[in-house]
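Enquirer: One structure coming up, written as structure tokens, with questions to follow.
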Amino acid sequence: MQSKTLRDILVLLTIGAALFAGGYFLVREISKSDYDLSYQVSLEQEEELGNLFKDLIWDKYPTVKDNYADSALQQIAKRLVSALDTTEYRYQFTIIKSKEVNAFTIPGGNIYVFSGLIELADSPEEVAAVLAHEIGHAEKRHVVTKLINEMSMSAVVAVLSGGDPSVITQMLQSVISNRFSREHEDEADKFALQLLENANISPKNMAKFFQKMSDENLDYNEDLEFMMTHPHNNKRIERARKYKTRNNFIAEPFTIDWERVKKELKSE
Amino acid sequence: MEFYPLQQPDEIAEREKEDAMGAYLMMFAAVAIGLPLPIINLIASIIYYFINRKKSRFIHFHCLQALLTQIPTTVINWVAVIWGVTILVSDQYEATEIFWAYVVFAAVCTFLYFIVSIVAAYKARQGKMYYFLVFGPWAYQIAYRVRPTDTMQSNEPLNKPPF
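Chain order of the listed sequences is C and X. Per my numbering, residue 4 is the first one in the first sequence, and the count goes up by one each step. Per my numbering, residue 272 is the first one in the second sequence, and the count goes up by one each step.
What follows is the structure, given as structure tokens:
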């Protein structure tokens, strides 16, 4: 009887372990399917989509080009991009002249930063943290996944084959709103922290900048509002603050005159 | 170890069958009331067990089986609830893939438990024994075992003269 009981306990434990393993497999498959979804759009298609958005952005927003602020942004971006192990994108970084505190990524590795965000930052490292987060969204193909989820794959294909321009505008609005799922935000954060470390920029700058926005109670956009008011976001700040860098990590400061950058953007 | 003989379905009164079935069915209502805190079902099972266990061995067995199986189910669900609440309120923990795997595990366990409980309730209503893995034999041992006190009690009359 005792051996039967032991056998029954073993059977029960095996069923339990199998259920847990099955659950883990299911969760992994679900997160993978999100990733697979983005691969329905090829890199070439993503670039085409990005070009369509770029035209609209140029029509809608004034950009800051060929001045000290722009070259400072390119310097920060260059450090981050060279710290990427591999990338399939040719990244482009542009400053948009606007008081809004925002940054967003459009398909094809095009990242836009509003001048309001740069003016708020106290150092190039803080801007680097925001850029690293946006690069995370691009590398993990969150923008394309979001577009497919929100607008459907057929809408994306229709836009690529020269469909209704109002749909493109609608898509751009969705991209600029920069509102991602919590999972995608977490993923981009983790990616950014690692990238900052690889680029010899202290990951604590990410916590510093997010905290600043939260403390100053800024008139931020929907995404940032979500980020600052949701309890989950304290966790994001905390995670950045507690991120452990490698033992021999030494932060390399940028040789950028940050006051000049801010002054130049203000006078624009 | 000695056991009392098992009664056959035609030897069990209808009322006993209903009470035995009630041990499993009562849990469903209690679960609905207790959500999202899976504790009411366990409390209800304990109360039901203590009220009914003396009625007959058949009822005792089914009440005990229902109660014993609810303990691991309740623990599994409580771990999920506490883990989830900790993630929500604390800055230290995150909803990892392991957490979500555990949630799936807890949900499937609860679902399977519901299914076997329905089967057990149906069998009990027919006056049949139905043994869950591990807990069935355990409940049988407790409900049907012949205890030394049982024979002592049978030899000693309950009603005695005053002197």
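Glycine included, every Cβ here is placed at the ideal spot set by N, Cα and C.
Pull up the distance between the alpha-carbon of X/P419 and that of X/F332, whole angstroms please.
Expert: Approximately 19 Å, taken between the alpha carbons.
Enquirer: According to DSSP, is C/Y27 part of a helix, a strand, or is it coil?
Expert: DSSP places C/Y27 in helix when its eight states are reduced to three.
Enquirer: Output, in sequence order along the chain, the residues in the stretch 235-267 of chain C whose CB is closer than 7 Å to any CB in chain X.
Expert: Listed by position, the residues of the stretch 235-267 of chain C near chain X (Cβ gap below 7 Å) are N237, K238, E241.
Enquirer: Below 6 Å CB to CB, which residues in the same chain sit around C/V84 once its five sequence neighbours on both sides are set aside?
Expert: Excluding sequence neighbours, C/V84 sits near Y94.
Enquirer: Comparing C-alpha positions only, which one of C/H136, C/E142, C/Q173, C/K143 sits nearest to C/M154?
Expert: Cα-wise, what sits closest to C/M154 is C/Q173.
Enquirer: Based on Cα-Cα distance, which residue from C/V178, C/L76, C/Y27, C/I33 lies nearest to C/R263?
Expert: Measuring from the Cα of C/R263, the nearest candidate turns out to be C/L76.
Enquirer: Do X/W371 and C/V30 have their C-beta atoms closer together than 7 Å?
Expert: Yes. Within cutoff.
Enquirer: Which same chain residues end up closer than 6 Å to C/E137 when comparing Cβ atoms and leaving out the 5 residues on each side of it in sequence?
Expert: Around C/E137: A106, T108, I114.
Enquirer: Which residues, taken in chain order from the stretch 368-381 of chain X, show a beta carbon closer than 8 Å to some beta carbon of chain C?
Expert: Cβ contacts with chain C: E368, I369, W371, A372, Y373, V374, V375, F376, V379, C380.
Enquirer: Looking only at its chain, what residues have a beta carbon closer than 7 Å to the beta carbon of C/D73, apart from the 5 residues adjacent to it on each side?
Expert: Result list for C/D73: V67, I98, in chain order.
Enquirer: Taking 7 Å as the limit between beta carbons, can you name the residues of its chain near X/L339, skipping five residues before and five after?
Expert: Around X/L339: F406, W409, A410.
Enquirer: Measure the alpha-carbon distance for C/L268 versus C/N54 and round it to whole angstroms.
Expert: Taking the straight line joining both Cα atoms gives about 26 Å.
Enquirer: Could you tell me the boundaries of the alpha helix (DSSP H) in which C/A202 lies?
Expert: It is not in any alpha helix (DSSP H) - C/A202 carries neither H nor E in the DSSP assignment.
Enquirer: Is there a C-beta anywhere in chain X that falls below 7 Å from the one on C/F23?
Expert: Taking Cβ atoms only, chain X reaches closer than 7 Å to C/F23, which makes this a yes.
Enquirer: Going by beta-carbon coordinates alone, are X/I330 and X/D281 separated by less than 7 Å?
Expert: No, the pair does not count as a contact, with Cβ atoms beyond the cut-off.
Enquirer: Label C/Q43 either buried or exposed according to how many other C-beta atoms from any shown protein chain fall within 10 Å of its C-beta, with 16 as the threshold for buried.
Expert: Under this definition C/Q43 is an exposed residue.
Enquirer: Can you list, in chain order, the residues of its chain whose CB lies under 7 Å from that of X/A414, leaving out five sequence neighbours each side?
Expert: Same-chain partners within the cutoff: R328, H331, F332, L335.
Enquirer: Quick one: what does DSSP say C/N70 is sitting in, helix, strand or coil?
Expert: C/N70: coil per DSSP, three-state reduction.
Enquirer: Of all the CB atoms in chain C, is at least one closer than 7 Å to the CB of X/V405?
Expert: Chain C contact via Cβ: present.
Enquirer: Considering only the alpha carbon of each residue, which of C/P110, C/E122, C/N201 lies closest to C/S177?
Expert: Among C/P110, C/E122, C/N201, the Cα nearest to that of C/S177 belongs to C/P110.
Enquirer: Closer than 8 Å by beta-carbon distance: list the chain C residues that pair up with X/P408, in chain order.
Expert: Going along chain C in sequence order, the residues near X/P408 (Cβ under 8 Å) are M4, K7, T8, D11.
Enquirer: Name the chain X residues whose beta carbon is nearer than 9 Å to that of C/R31?
Expert: The contacting residues are E368, A372.
Enquirer: Which residue's Cα is closest to the Cα of X/K325: X/S361, X/L277, X/E287, X/M297?
Expert: X/K325 has its Cα closest to that of X/E287, out of X/S361, X/L277, X/E287, X/M297.
Enquirer: Helix, strand or coil for X/R416, going by three-state DSSP, please let me know.
Expert: Three-state DSSP puts X/R416 in a strand.
Enquirer: From the DSSP output, which residues share a beta bridge with C/V104?
Expert: According to DSSP, C/V104 bridges with nothing at all.
Enquirer: Residues in its own chain within less than 8 Å of C/K266 by CB, not counting five upstream and five downstream?
Expert: Taken in chain order, the list of residues that qualify is empty.
Enquirer: Would you call the stretch 383-400 of chain X and the stretch 243-257 of chain C in contact, with 3 or more CB pairs under 8 Å?
Expert: They do not touch, by the three-pair rule.
Enquirer: Specify whether the stretch 113-130 of chain C and the stretch 205-219 of chain C touch according to this definition: at least 3 beta carbon pairs, one from each stretch, less than 8 Å apart.
Expert: Yes, they touch.
Enquirer: What is the DSSP secondary structure of C/N251, counted as helix, strand or coil?
Expert: Reduced to three states, the DSSP call for C/N251 is coil.
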